[in-house]
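Below is one structure, written out as structure tokens, with a few remarks after it.
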Amino acid sequence: MKTRHIGYKKIVTVVLLLVVTIGCLIYGVKLMTSGRHSSKSNRSIENVQQSGEQTQILEYEKNTQDFVKITAKDILENKIKTPLFLYVGKKTCPHCQEFVPILKKTAQDLKLKIYYLDSEKASTDAKLKEVGKKYQIEGVPTLLRIDSDNHFEMYSGDSDEELLQWMKGEK
Numbered sequence: 001m002k003t004r005h006i007g008y009k010k011i012v013t014v015v016l017l018l019v020v021t022i023g024c025l026i027y028g029v030k031l032m033t034s035g036r037h038s039s040k041s042n043r044s045i046e047n048v049q050q051s052g053e054q055t056q057i058l059e060y061e062k063n064t065q066d067f068v069k070i071t072a073k074d075i076l077e078n079k080i081k082t083p084l085f086l087y088v089g090k091k092t093c094p095h096c097q098e099f100v101p102i103l104k105k106t107a108q109d110l111k112l113k114i115y116y117l118d119s120e121k122a123s124t125d126a127k128l129k130e131v132g133k134k135y136q137i138e139g140v141p142t143l144l145r146i147d148s149d150n151h152f153e154m155y156s157g158d159s160d161e162e163l164l165q166w167m168k169g170e171k
């Protein structure tokens, strides 16, 4: 019987192929695992963002709770007494969320009543659209001073001090 000798080069080649194959498998498993963690991480970030948005909405609602809530119908049917300050905004608007605490503080300092029209459904509510057209509201937040003759002036300042002066009627 003849014995076959396996050459040294063949053994080294087979061992190297096994090492490379095992290395590729380990690398693939690590990639798959890190992908799972990454998507879990992305979900965590989304949850934190949603939580932050919910907090801002709750803060907005807290800041507007002392405002007198009115409807578009009330405005169109002149069911509110003028002169008045009418704030138009919505809880999901970041600019409204920034403006409302300033408006609240200024109104409290001056002991003024603020009427609040929630514009959350402005794209679907015909009466809200009509109010928007009547008072030339192009976006939110909007603050109007409506006098007894139903004439109105829109606030367009940039600072707390300008708001204070405007609400005092000095600007």
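Here the sequence shown is numbered in UniProt numbering, starting from 1 and rising by one per residue. Just so you know, even glycine gets a beta-carbon here, dropped at the ideal spot from N, CA and C.
- With a cutoff of 8 Å on beta-carbon distance, D147 and P83 are scored as near each other.
- Its chain contains I114 as the residues whose beta carbon lies nearer than 6 Å to that of A107, once the 5 sequence neighbours on both sides are disregarded; these appear in chain order.
- Remark: three or more beta-carbon pairs, one from each stretch, lie closer than 8 Å, so the segment 130-145 and the segment 75-94 are flagged as touching.
- Straight across, the Cα-Cα distance linking M167 with K104 is about 12 Å.
- Beta-bridge analysis with DSSP links L143 to Y87.
- Closest in alpha carbon position to F99, among L17, L164 and G23, is L164.
- Counting along the chain, I114 sits inside the beta strand (DSSP E) bounded by residues I114 to D118.
- Between A126 and D149, the alpha-carbon positions lie close to 24 Å from each other.
- Looking at the DSSP output, V68 sits in a beta bridge with Y115.
- Taking a contact as a CB-CB distance under 8 Å, the pair C96 and Y60 counts as one, their CB atoms being some 7 Å apart.
- Each residue's CA atom was taken as its position, placing E170 and D109 some 15 Å apart.
- Here I26 is exposed: its Cβ has fewer than 16 other Cβ atoms, across all protein chains shown, within 10 Å.
- In the three-state scheme derived from DSSP, where H, G and I count as helix and E and B as strand, E53 is classed as helix.
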